[in-house]
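Position one of the sequence shown corresponds to residue 8 (the working numbering), numbered consecutively onward.
Using N, Cα and C, we set each Cβ at its ideal position, and we do this for glycine too.
Source: prediction; values computed, not measured.
Worksheet: the structure to be examined is printed underneath.
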Amino acid sequence: MAAGAQVVDMEASAIMAWSQFRKSKVYQFFYTADYVDHHNRAWDARHEERTADAMTFFTIALIIAKELER
């Protein structure tokens with residue numbers, strides 16, 4: 008909270024900690040899947056909104072990572 012974070016993705020934080028320990032570069036990319044609205048105590052699975060194939064997102068992420076390596 009001191010750094011301004013309200014939530015932390017546990018898997019992403021573990022991968023980032025590992026990469027810092029091993030002194031290796033890691034690029035993390037996120038896209039929305041489902042959503043938990045804790046104010047209304049509701050879960051939105053967002054199945055209808057997911058029209059793009061996951062490989063499309065992977066391809067875009069790979070292009071961005073390659074650009075960052077320049």
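What residue does the beta strand (DSSP E) around residue i start on, and which one ends it?
i      : result
Ala-49 : 49 to 51
Between the alpha carbons of residue i and residue j, how many angstroms are there, rounded?
i      : j      : result
Leu-75 : Gln-13 : 27 Å
Leu-69 : Ala-10 : 28 Å
Val-33 : Thr-63 : 20 Å
Ile-22 : Asp-16 : 10 Å
Trp-50 : Trp-25 : 31 Å
Along the chain, where does the alpha helix (DSSP H) that runs through residue i open and close?
i      : result
Arg-77 : Unbroken run through Arg-77: none, as it is neither H nor E.
Gln-27 : 17 to 29
Taking 7 Å as the cut-off, is the beta-carbon of residue i closer than that to any non-hydrogen atom of the ligand ZN?
i      : result
Val-15 : With respect to the ligand ZN, the structure shown offers nothing to examine, as it has no ligands at all.
When the distance is taken between beta carbons, is residue j closer than 8 Å to residue i?
i     : j      : result
Gln-3 : Ala-19 : Look at the range of the chain in this structure, 8 to 77, and you will see that residue 3 is not part of it.
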